[in-house]
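What follows is a set of notes on a single structure, which appears directly below.
Numbering (my numbering), first residue to last: 145 to 877.
This is the structure in structure tokens:
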């Protein structure tokens, strides 16, 4: 593979792509088919549908002047055809980027296409993750975008290479220009362009039927030697056939939360999708209407080797109990296309499609070409067990662990009402839409296991086939399959994978134990650690309402050899408690100090035994305690992306971006310099939190220091206001 850096639309496309490997879902050849809610045939093998980004307010609005431009005079009672309205977005016009030497002769087989109407969009780049560029897309060049967003630099002049590359990047991500296969390739059956996928799933434990990418549109797959295979997906890019009654858009707060959340989790070495860039538009251009009125829009470009979830598999082999569900909308079927026949005796699912999807994820995404399905599924179980264990160790809660939000690769996916733990509470619920606490902190491993159990049941026919035939299924393996034979395969499949639940718990608990040991600075292992060190400490945090992360960070400074020094011990424990709580009375403080002193003596003895000292060694003359403290600080973050930080960031950005329009005189547009000033301010706010999220172990505002930057860092690493502790978000975004 070439190490040359390329603009986004020229990135190399893998030889094996999703849409050339997996079956396509059929849409009518008219513009509205990409936006009309569609219930696809439940017996079909299709996984994806061709959908172009449509970053526009929905329902569509059209002025009288625009109608006249289309040749329709509404004053005379003439009717506007919705197909004509939507056709204005059809990317049929070849539109080069203007980058020198960027011609049709480039080798990835793609060109950029647009339309006059698409080019009216005025996207604004708010943020870009340099970490994602480095880790996942090292072969991508984005011009001066990072210096503009992250350093507050002025844009390069329009005609310079840096500006041309940056503009190409923004054009493609916003949908102003659509990367698509060349016309001659399309005539040969090698079409390639943006797509969305179908999946089903269990939501809050109940079958929800067809779901799918309701506001997510993938635009490109690429690969590089250092970054591996990556798929670029736009979230908030407009309606798709899977949007149901929603608008396909995302508000700014939603985009900011996921943009920062992905990178914060990645910095903790937890598998996750990554954030590449966050965009918005001038506030009046694409208003997104939610519960409290119009809000600024956002469009997030996220990156992952794959966005396939457990729900994709469920769509191709739903259980008998889950079959027969249909979607309907109040107010008529005008914008619902149901491709199913309603024969109740017709069994849903498509085992050939299930085989193809399994082979795709196993071989192309997870690179397990020589493995049978059972071995691959064991890897899927292991990766997800390890990931949820890491969530637990860092007090992170997903909030919506539906089966359609669990990836096959073990990557954390879909950042909605997530939260990091404040005061330690194993029953904490971060999602306001989860009153029963189904997805609370303590329940996360069991809910991931629930999703994996559904995956095992879905794949049971393939597992059974392999057991009977001692080989993976071949094309056509399910043709003419009787219900009796399918049942035999399913029963055999469940039999050969029996006991995976115990294996899941073994992996999860072992990974948790390793994670807790790192946070407590223990290099060696004892059977009693889980009880005497880990659980007893967490119990103290819960009993005395002590902050989870701050207390661990403070523990990184503890010197075990001084535990017998009463003055040192008393001072350290007092500081730990005072720094880790927002409000405590003298009586409660005294009780907490007594309890913590008792535990910390046990901890000090465990942390300073000879085995521990030898495990740390003596590097460059530095004592073992110094090495221990340094390593603990590298495992216990100083900065945590708390709810109060997110809410403050979102509020500041929303205010900066909307202020010019809110304060403009009636009937007058704001000045360009006012809009630009607001954008610069929003970028600065976002860049600060992004930088701290990607480098959470730095000693921000720690120790002795002075100056406004030091004090601001210290504030951002603090607990925040008491009323924000345990703040809950909802699924609505």
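A virtual CB, placed ideally from N, CA and C, is assigned to each residue, including glycine. All values derive from a computational prediction rather than experimental measurement.
- Tell me the DSSP bridge mates of residue 575? 873
- Query: Should the region 722-738 be regarded as contacting the region 643-662, the criterion being three or more beta carbon pairs within less than 8 angstroms?
  - Reply: no
- In terms of alpha-carbon separation, which member of 621, 818, 410, 422 lies closest to residue 555? 410
- Task: Determine the direct distance from the alpha carbon of residue 859 to that of residue 772, and round the result to whole angstroms.
- Result: 27 angstroms
- Task: Output yes or no for whether 7 angstroms exceeds the beta carbon distance between residue 690 and residue 404.
- Result: no
- Query: Among 382, 850, 344, 499, which has the Cα closest to the Cα of residue 615?
  - Reply: 499
- Item | Where residue 502 falls, given that 16 or more other Cβ within 10 Å makes a residue buried | buried
- Rounded to a whole number of angstroms, what is the C-alpha to C-alpha distance between residue 338 and residue 580? 39 angstroms
- CB-CB under 7 angstroms to residue 547, same chain, minus the five flanking residues each way: which ones, in chain order? 345, 346, 454, 455, 458, 595, 598
- Message: On the criterion of 16 or more Cβ atoms from any shown chain inside 10 Å, does residue 310 qualify as buried, or is it exposed?
- Response: buried
- Message: Need the endpoints of the alpha helix (DSSP H) that residue 570 sits in, please.
- Response: Note, residue 570: premise wrong, no alpha helix (DSSP H); not H, not E.
- Message: Under 8 angstroms: do the region 172-191 and the region 524-543 share three or more Cβ pairs, one atom per stretch?
- Response: no
- Item | Stretch pair the region 221-236 + the region 159-176: three plus CB contacts closer than 8 angstroms | yes
- Span of the alpha helix (DSSP H), counted from its first residue to its last, around residue 690: Element bounds for residue 690: n/a, residue is neither H nor E.
- Report the rounded CA-to-CA distance for residue 435 versus residue 671, giving the unit in angstroms. 52 angstroms
- Message: Using only CA atoms, which one of 419, 276, 294, 206 lies nearest to residue 261?
- Response: 206
- Query: Under a Cβ-count criterion, where at least 16 other Cβ atoms within 10 Å of its own Cβ denotes burial, should residue 229 be classed as buried or exposed?
  - Reply: buried
- Closest to residue 880 by CA distance: which of 179, 216, 609, 524 is it? What is shown of the chain runs 145 to 877, which leaves residue 880 out entirely.
- residue 524 - DSSP class collapsed to helix/strand/coil: helix
- Item | Residue range of the beta strand (DSSP E) that includes residue 420 | 418-424
- Message: Mapping the DSSP letters down to three states, classify residue 224 as helix, strand or coil.
- Response: coil
- Return yes when the Cβ of residue 371 is within less than 7 angstroms of the Cβ of residue 280, no when it is not. yes
- Query: Hey, is the region 285-297 in contact with the region 440-448, meaning 3+ C-beta pairs nearer than 8 angstroms?
  - Reply: no
- Straight-line CA distance for residue 476 to residue 389? Note on residue 476: pLDDT 39, under 50, position unreliable in the model; the coordinate value appears next. So the alpha carbons of these two residues sit roughly 12 angstroms apart.
- Per-residue burial, residue 874 [other beta carbons within 10 Å of its own, 16 or more giving buried]: exposed
- Query: Excluding five sequence neighbours on each side, which residues of the same chain lie with their C-beta closer than 7 angstroms to the C-beta of residue 282?
  - Reply: 368, 370, 371
- Query: At what residue ranges does the region 247-281 contain a whole run of the alpha helix (DSSP H), taking only runs of 4 or more?
  - Reply: 274-279
- Task: Tell me where the beta strand (DSSP E) around residue 346 begins and ends.
- Result: 344-347
- Message: Cutting at 7 angstroms between CB atoms, please list the residues of its own chain near residue 463, excluding the five before and the five after it.
- Response: 601
- Query: Around the C-beta of residue 356, are 16 or more other C-beta atoms found within 10 angstroms, so that it is buried, or is it exposed?
  - Reply: buried
- Item | Residue of 605, 636, 635, 628 minimising C-alpha distance to residue 621 | 605
- In terms of residues, what are the limits of the alpha helix (DSSP H) holding residue 406? 396-411
- 7 angstroms Cβ cutoff met for residue 704 and residue 751: yes
- Task: Report back the beta-carbon spacing between residue 336 and residue 163 to the nearest angstrom; my notes put them in contact at under 8 angstroms.
- Result: 6 angstroms
- Task: Tell me residue 446's beta-bridge partners as DSSP assigns them.
- Result: 377, 419
- So does the region 390-404 actually touch the region 783-799, counting three or more Cβ pairs closer than 8 angstroms? yes
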